[in-house]
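Novice:
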Amino acid sequence: MGSRYLNVPIRLAILEADTPIPSIKAKYQSYGGVFTHMFKRACTSSPHPVSLESQLTLSSHDIVNDPTAYPDPETIDAILITGAKYNAFDSDEWIVRLVQYTKRCLEGGRVRVIGVCFGHQIIARALGAKLGRNTRGWEVSVIEHELTEEGKQFFGLEKMSIHEMHRDAVLSFPPDTIHLAKTDVCDNQAMYIPGRMISVQGHPEFTEEMVRDILHMRKYGGILGDDIFQDGINRVANKQDGVAVAQAFLRFLHG
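For the sequence shown, full-length UniProt numbering begins at 1 and goes up steadily by one.
Shown next as structure tokens:
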């Protein structure tokens, strides 16, 4: 993974904000399992492969159904907030609790924070940004992102393509955040505060197989129209940089 990776594992708590669809749950059990799979690929796909266990000590926490599931910030080094089918701008008790916990971690300064999709939006809300439905519509499947200069440096890429599955968006940039990426449909695709947080609107943890299943389920559930579904299916097997994004997360955690 390069000289920036250390042999001291980071204690990363995965805050599970949803349950995967049945086909993904059958294979990975939970979103904790999905992200474990992502980080494992990131560790083994490096020019200098390392074991996942040498980099991270992972724990999973069902924050939707168990208010007591949150780890004591003193016992962890970082949190990762997963994606979810819910609206990050809603006032459900568990969502408000998650925003408060995230704010506590961010303000404490020691626990680093990673957000993915819904998690990206929760971090933005904790930092005071505006959230809402994106008037430009859905983004699904593999989408190419335009990276800022800071984004190219952070992700180690000139261009970035990752899976997307969202209609809600962060509609502004919180104070003191660095803009890393945008697409034609969504301006705030990634934001960063050095040493404190990194969040992405897309899904580096998703694979072609996962997104294919989600697209079919959302089409037959009446969530996605035929045009959006077919457009997503046409791009679902495109090359994507989820592993490179996960490796950037590891550099952030160990930096």
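Backbone N, C-alpha and C fix where the C-beta goes; we use that ideal spot for every residue, glycine too.
1. With distances taken Cα to Cα, identify the nearest neighbour of C43 among I79, L52, T36 and F35.
2. Distance, Cα to Cα, V233 vs M160?
3. With H, G and I counted as helix, E and B as strand and the rest as coil, what does DSSP make of E158?
4. Express the C-alpha separation of Q55 and A13 in angstroms, rounding to a whole number.
5. From the DSSP output, read off the bridge partner residues of V200.
6. Just the Cα atoms here: how many angstroms apart are S23 and D213?
7. Is the separation between the beta-carbon of C117 and that of P73 shorter than 8 Å?
8. When we look at the beta-carbon of P20 and count the other beta-carbons within 10 Å, is it buried (16 or more) or exposed?
9. Using a beta-carbon distance below 8 Å, is L98 in contact with chain D?
10. Hey, which unbroken runs of the beta strand (DSSP E) at 3 residues or more fall wholly within the segment 20-66?
11. Measure the Cβ-Cβ separation of I123 and T102 and say whether it is below 8 Å.
12. How would you write the range of the alpha helix (DSSP H) that G242 sits in, first residue to last?
13. Taking just the CA atoms, how far does K239 sit from D92?
14. Which one of G132, R136, T135 and L180 has the shortest CA to CA distance from K152?
15. Just tell me which of Y220, L215, M217 and V142 has its CA closest to the CA of G202.
16. Which partner residues does S141 have in the DSSP bridge list?
Specialist: The relevant details are as follows:
1. Taking the sequence shown and counting its residues from 1, the one referred to as residue 43 is at position 43. Residue L52 is the option with its Cα nearest to C43.
2. Locating residue 233 in the sequence shown gives position 233, counting from the first residue. Locating residue 160 in the sequence shown gives position 160, counting from the first residue. It is Ile, not Val, that sits at residue 233 in the sequence shown. Taking the straight line joining both Cα atoms gives about 19 Å.
3. To locate residue 158, count along the sequence shown from 1; it is residue 158. It is coil, neither helix nor strand.
4. As a working note, residue 13 is residue 13 in the sequence shown. As a working note, residue 55 is residue 55 in the sequence shown. Cα to Cα, A13 sits roughly 13 Å from Q55.
5. What you label residue 200 is simply residue 200 of the sequence shown in a count that begins at 1. V200 is bridged to V116 and A190.
6. In the sequence shown, counting from the first residue as 1, residue 23 sits at position 23. In the sequence shown, counting from the first residue as 1, residue 213 sits at position 213. If you take the alpha carbons of S23 and D213, they lie about 7 Å apart.
7. Taking the sequence shown and counting its residues from 1, one reaches residue 117 at position 117. Taking the sequence shown and counting its residues from 1, one reaches residue 73 at position 73. Not a contact, by the Cβ cut-off of 8 Å.
8. Looking up residue 20 in the sequence shown gives position 20. P20 is buried by the Cβ-count criterion.
9. You won't find chain D in this structure, because it holds only one protein chain.
10. 56-62
11. Within the sequence shown, residue 123 is the residue found at index 123, counting from 1. Within the sequence shown, residue 102 is the residue found at index 102, counting from 1. Against a cut-off of 8 Å, the Cβ pair of T102 and I123 comes out as a contact.
12. The residue you call residue 242 lines up with position 242 of the sequence shown. Taken as a continuous stretch (DSSP letters only), the alpha helix (DSSP H) holding G242 covers G242 to H254.
13. One-based indexing of the sequence shown puts residue 92 at position 92. One-based indexing of the sequence shown puts residue 239 at position 239. Cα to Cα, D92 sits roughly 37 Å from K239.
14. As a position in the sequence shown, residue 152 is number 152, starting the count at 1. Selected option, being the one with the closest Cα: L180.
15. Here residue 202 refers to the residue found at position 202 when the sequence shown is read from its first residue. Cα-wise, what sits closest to G202 is V142.
16. Position 141 of the sequence shown, counted from the start, is the residue given in the question as residue 141. According to DSSP, S141 bridges with E164.
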